[in-house]
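Asks: Take 135 as the starting number for the sequence shown in my numbering and just add one per residue.
The beta carbon of each residue, even a glycine, is placed where N, CA and C say it ideally should be.
Keep in mind it's a predicted model, so treat the numbers as computed, not measured.
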Amino acid sequence: MITIALLTFLSALTSMTIITAYRANISQYQSAYRRDKLPDVIVKVDNDHDITASLKKLTNVKSVVSNAGIVSQVMNKNNENVALFISNKSTNIHLKTPDKHKIILSSYLKSNGAFKVGDIFYIGQQQLTVQGFYDDYLLGSPLFKYKQGIVSQETLQTLQQQKGQQKSQLAYVNVLKMTRNSNAVLSDYQDRLQTDIIYNKIYIQKAYTMLPTIVALVIILAATFLFGICLFVMRFALLSGIEKDRQKIATFKTLGITNQQVNLAYVLSYLGSNLVGLVAATLVSFWTSNLVFRFFWQLNGLTRAQHVSINIAIVLVISMIMMGFSIAIILLSLKPIKSISPTAAFHGGQSKSVPSRSHLSLTKSSMPLQIVLAFKDYRQKIGHYMTFTLVISLFVFLSLMIMTLNQGFKGKTNDLLGLPTVDLMMRTPNNSVRNEALKNIGTVTPIKSSGYNQETKILLKDEAVPVHRYSQIPHEIKLLAGHQPKQPNDLLISNSLMKTLHLSIGQTVRVKTATVNNKQLTIVGTYQTINNLGKEAYGLIDTSLPITSTYINLKNTTNKDKLLNRFSHGNVQLIDTSASTQNLTTSVQRAVEVLANVILLLTFIVSGLFVYLVSYLTIETEKRQLALKKMLGFTNKELRTQYLLRAGFALTLGIVLSLMLNKFIGSTSLNNLVSLGGLTKLNVQLPLSYNLFIIALLIFESSLIVLIASRRITKIKIGDFL
Numbered sequence: 135m136i137t138i139a140l141l142t143f144l145s146a147l148t149s150m151t152i153i154t155a156y157r158a159n160i161s162q163y164q165s166a167y168r169r170d171k172l173p174d175v176i177v178k179v180d181n182d183h184d185i186t187a188s189l190k191k192l193t194n195v196k197s198v199v200s201n202a203g204i205v206s207q208v209m210n211k212n213n214e215n216v217a218l219f220i221s222n223k224s225t226n227i228h229l230k231t232p233d234k235h236k237i238i239l240s241s242y243l244k245s246n247g248a249f250k251v252g253d254i255f256y257i258g259q260q261q262l263t264v265q266g267f268y269d270d271y272l273l274g275s276p277l278f279k280y281k282q283g284i285v286s287q288e289t290l291q292t293l294q295q296q297k298g299q300q301k302s303q304l305a306y307v308n309v310l311k312m313t314r315n316s317n318a319v320l321s322d323y324q325d326r327l328q329t330d331i332i333y334n335k336i337y338i339q340k341a342y343t344m345l346p347t348i349v350a351l352v353i354i355l356a357a358t359f360l361f362g363i364c365l366f367v368m369r370f371a372l373l374s375g376i377e378k379d380r381q382k383i384a385t386f387k388t389l390g391i392t393n394q395q396v397n398l399a400y401v402l403s404y405l406g407s408n409l410v411g412l413v414a415a416t417l418v419s420f421w422t423s424n425l426v427f428r429f430f431w432q433l434n435g436l437t438r439a440q441h442v443s444i445n446i447a448i449v450l451v452i453s454m455i456m457m458g459f460s461i462a463i464i465l466l467s468l469k470p471i472k473s474i475s476p477t478a479a480f481h482g483g484q485s486k487s488v489p490s491r492s493h494l495s496l497t498k499s500s501m502p503l504q505i506v507l508a509f510k511d512y513r514q515k516i517g518h519y520m521t522f523t524l525v526i527s528l529f530v531f532l533s534l535m536i537m538t539l540n541q542g543f544k545g546k547t548n549d550l551l552g553l554p555t556v557d558l559m560m561r562t563p564n565n566s567v568r569n570e571a572l573k574n575i576g577t578v579t580p581i582k583s584s585g586y587n588q589e590t591k592i593l594l595k596d597e598a599v600p601v602h603r604y605s606q607i608p609h610e611i612k613l614l615a616g617h618q619p620k621q622p623n624d625l626l627i628s629n630s631l632m633k634t635l636h637l638s639i640g641q642t643v644r645v646k647t648a649t650v651n652n653k654q655l656t657i658v659g660t661y662q663t664i665n666n667l668g669k670e671a672y673g674l675i676d677t678s679l680p681i682t683s684t685y686i687n688l689k690n691t692t693n694k695d696k697l698l699n700r701f702s703h704g705n706v707q708l709i710d711t712s713a714s715t716q717n718l719t720t721s722v723q724r725a726v727e728v729l730a731n732v733i734l735l736l737t738f739i740v741s742g743l744f745v746y747l748v749s750y751l752t753i754e755t756e757k758r759q760l761a762l763k764k765m766l767g768f769t770n771k772e773l774r775t776q777y778l779l780r781a782g783f784a785l786t787l788g789i790v791l792s793l794m795l796n797k798f799i800g801s802t803s804l805n806n807l808v809s810l811g812g813l814t815k816l817n818v819q820l821p822l823s824y825n826l827f828i829i830a831l832l833i834f835e836s837s838l839i840v841l842i843a844s845r846r847i848t849k850i851k852i853g854d855f856l
């Protein structure tokens, strides 16, 4: 009963907590978006020309507010570069104007440890001090390239006057009718191909829910596994309990108790265990829901979290589903009660049919007697131990799958997310300056590779698609199908965009570019990307566009900071482009690692409970056989070893089944799971050491628990057989 209550508690608590926290993450973000009157669409343009008037003329646009500023990269205390959009507009976020030469940053830069209050950094020659932080519901997620910083008007003017600063502006657009596609909202915007980024609030919400979605989906899957195991345990406990209580049931029947009354007693007692677990889970979920919600909230760089109340609808739905399945399993497990007759009260409560194979074979065996007897007993109790085997195999399979997911995100996450690795981007006015700068950089640290890079856009089926053009396509962009561009008119499209626009490899499409109204491009391949967010393409250099950017990959990045400080001035501007993806990869890795640890913990808790239950009930139902064996000369140590060997047989079979499941369906299951969370494909092999670690830990835990449970054997006396 205690085991069933604990399993019900764990499965209900996990479900209630995760679903409540996930819904709260979405609803509270939506409330904050409405409360702070944030825009429907954000347009970023890299110039100081006011685009408010041109945007106001568009169809469906209700209002526009522009926010001028500069884009600059700064060094945090972890020696990492952060891309900042710095402005002096704080009215829409309810902040007081910062002091002179001080800055208020997006709270994400606090939550990831990049900055703290009082930290100092430089933009050009100007020193800035961090005055505080605020929750940024626009660009605060790790999935966005830029983070916002708010300064005073005087400080902004000082920064803008410095040579080489890139002036930019954000236009906050509210529309009459919101659509699911930001490009549809701005379909009549003539300068779409000149904008750097166009976000809408649906896109932004996806950014704030993608990581919590991946975590929530996997933990809900684990909770489903957990409740399924709970039903296994309930059926096993009921059948074992009925077998153990045969004599008592028969005695009650001789006193006139009916089958219905016996059934009702079992139903009430087992449902009582479920109810205890559900009530306890509901009470504890008040605390755990807030804990997980804060984790989701901070995962996205937000800190000002409100208290989350328990959702009664979620509690009722989960409770009704669990109670419904529990009642069904209990009723199906009570059938053996009908076969127990009152006469069984006078026959020691034994089952009507005693298997003929219960005798010991006198044929000489090549195996030790301990193993022979243990295997014989294991086969006789195969119903008990097969449930044990199935539970172990399912949870080891789940653990291996989640550890594989964790291993995938521990590696080159840029490859997984379809992000090319570029250490530095250099902007220069002409080739002579470029070549001289590359030569000087090479004297500080060796250059691994370099080439030209262009960032532009194409208009494809009325969707503005960012296109990154390289003189040589980065090898980190992993192809799912097709090949990389070999000609200037070849296009490599993200898997998400391919599906959204219903395109195919080999298809020729007509696009509009910044220089040509009608140009033909051929789709030659598709690459791994984030389904929820990635709608980009790659191609080779377009000679009709100006070439001002050079990408640089270094053999050793230890001197990167020295390069940035030395060369980011005058006619050469160095930008640490790797920093723009570091926040994203770190956040994803952190979320998946927490997830893997939670699943692993659940696996060992549940498997431990079940191993104890099987061992305890098996010993209880075999008291007479154990007493007989003691009378025949078996010692307590030998009998306990037999139970350890039985568990070993079941455990071995369960591990073999889990390894087979992982080999044949693990990859498919994992890819279906991550695709729901936003990824296209996860292709990673779990190292053998991880498999051995999980299996060894499980064997150690199970062996220890069996030895603890088998201590009851020492209390069984020979008189129990009589």
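According to DSSP, simplified to helix, strand and coil, what is A341?
Replies: Correct three-state label for A341: helix.
Asks: Using alpha carbons as the reference points, say which of A350, S678, S221, K250 lies closest to Q291.
Replies: It is S221 whose Cα lies nearest to the Cα of Q291.
Asks: When DSSP labels each residue in this structure, what does P470 get in the three-state scheme?
Replies: Three-state result, P470: helix.
Asks: In chain order, which beta strand (DSSP E) runs of at least 3 residues are fully inside the segment 263–299?
Replies: Whole beta strand (DSSP E) segments, 3+ residues: 281–284.
Asks: Going by the CB atoms, is the gap between L826 and A415 shorter than 9 Å?
Replies: No; because the gap between Cβ atoms is not below 9 Å, this pair is not in contact.
Asks: Tell me which residue opens and which closes the alpha helix (DSSP H) that F255 is part of.
Replies: No alpha helix (DSSP H) holds F255; the beta strand (DSSP E) holding it covers 254–257.
Asks: Could you tell me which of T684, T691, K694 sits nearest to V926, measuring between CA atoms?
Replies: There is no way to answer for residue 926, as the model of the chain reaches only from 135 to 856.
Asks: Under 8 Å by Cβ, that's how I've got D184 and S200 pegged, so tell me the actual separation to the nearest angstrom.
Replies: Their Cβ separation, rounded to whole angstroms, is 6 Å, which keeps D184 and S200 in contact under 8 Å.
Asks: Where does Q395 land, buried or exposed, given buried means 16+ other C-beta within 10 angstroms?
Replies: Per the 10 Å Cβ criterion, exposed.
Asks: For a test of the three-state rule: what should DSSP assign to A857, helix, strand or coil?
Replies: Only positions 135 to 856 of the chain appear in this structure, which leaves residue 857 out of reach.
Asks: To the nearest angstrom, report how far apart K250 and V726 are at their CA atoms.
Replies: Spanning the two alpha carbons is a distance of roughly 26 Å.
Asks: Between which two residues does the beta strand (DSSP E) harbouring M559 extend?
Replies: Here the beta strand (DSSP E) through M559 covers 558–561.
Asks: Are I271 and Y167 closer than 9 Å when you measure CB to CB?
Replies: The amino acid occupying residue 271 in the given sequence is Tyr; Ile does not appear at that position. Contact: yes.
Asks: Buried or exposed, going by whether 16 or more other CB atoms sit within 10 Å of the CB of G864?
Replies: Shown here, the chain extends from 135 to 856; a query on residue 864 therefore has no answer.
Asks: What does Q654 pair with, by DSSP beta-bridge criteria?
Replies: Q654 is bridged to R644.
Asks: Going by the DSSP bridge assignment, what does K301 pair with across the sheet?
Replies: Bridge partners of K301: I204.
Asks: Roughly how many angstroms separate the alpha carbons of N796 and G542, rounded to a whole number?
Replies: Roughly 15 Å between the two C-alpha positions.
Asks: With contact counted as at least three CB pairs below 8 Å, one residue from each stretch, are the segment 436–447 and the segment 170–177 in contact?
Replies: Counting Cβ pairs under 8 Å, fewer than three are found: no touch.
Asks: Mind checking which residues open and close the beta strand (DSSP E) that includes A158?
Replies: Where A158 is concerned, there is no enclosing beta strand (DSSP E), although the alpha helix (DSSP H) it sits in stretches over 136–169.
Asks: Are the CB atoms of T521 and L787 nearer to each other than 9 Å?
Replies: No, the pair does not count as a contact, with Cβ atoms beyond the cut-off.
Asks: Which of the three DSSP states is assigned to K378 in this structure?
Replies: Helix.
Asks: Leaving aside the five residues before and after T329 along the sequence, list all residues of the same chain whose C-beta is less than 7 Å from its C-beta, in chain order.
Replies: Answer for T329: V177, K178, V179, listed in chain order.
Asks: Looking at the structure shown, is I850 part of a helix, part of a strand, or coil, going by DSSP?
Replies: Reduced to three states, the DSSP call for I850 is coil.
Asks: Just verifying my parser: in three-state terms, what is the DSSP assignment at Q219?
Replies: Per the sequence shown, residue 219 should be read as Phe rather than Gln. Correct three-state label for F219: strand.
Asks: I want to check one thing, is the minimum distance from the CB of V349 to the heavy atoms of the ligand HEM below 8 Å?
Replies: Of ligands this structure carries none, so the ligand HEM is not represented either.
Asks: Is the beta carbon of I657 closer than 9 Å to that of I627?
Replies: Closer than 9 Å, so yes.
Asks: Could you check the C-alpha separation between L436 and Y342 for me, to the nearest Å?
Replies: Going by the C-alpha atoms only, they are around 10 Å apart.
Asks: Does the structure place the segment 598–612 close enough to the segment 269–289 that three or more beta carbon pairs sit under 8 Å?
Replies: Touching, no, given that fewer than three Cβ pairs across the two stretches are closer than 8 Å.
Asks: Quick test of the definition: if touching needs 3 or more C-beta pairs under 8 Å, does the segment 141–157 touch the segment 419–433?
Replies: In short, these stretches touch, since the Cβ pair count reaches three.
Asks: Would you kindly check if the distance between the Cβ of F219 and the Cβ of Q282 is under 9 Å?
Replies: Cβ atoms of Q282 and F219: closer than 9 Å.
Asks: Helix, strand or coil: how does DSSP classify F819 here?
Replies: The sequence given here has Gln at residue 819, not Phe. Here Q819 sits in coil by DSSP.
Asks: Have a look at F744 and L736 and give me their C-alpha separation to the nearest angstrom.
Replies: Each residue's Cα considered, the two are about 12 Å apart.
Asks: Kindly provide the ranges of any beta strand (DSSP E) runs that are 3 or more residues long and lie completely inside the segment 604–648, ordered along the chain.
Replies: Counting only runs of 3 or more, we get 613–616, 624–628, 642–645.
Asks: How is P476 classed by DSSP in three states: helix, strand or coil?
Replies: If DSSP states are grouped into helix, strand and coil, P476 belongs with the helices.
Asks: Would you tell me roughly how many angstroms separate the C-alpha atoms of V208 and V601, rounded to the nearest one?
Replies: C-alpha separation (whole angstroms): 26 Å.
Asks: L631 and A671 - do their beta-carbons sit closer together than 9 Å?
Replies: Contact: yes.
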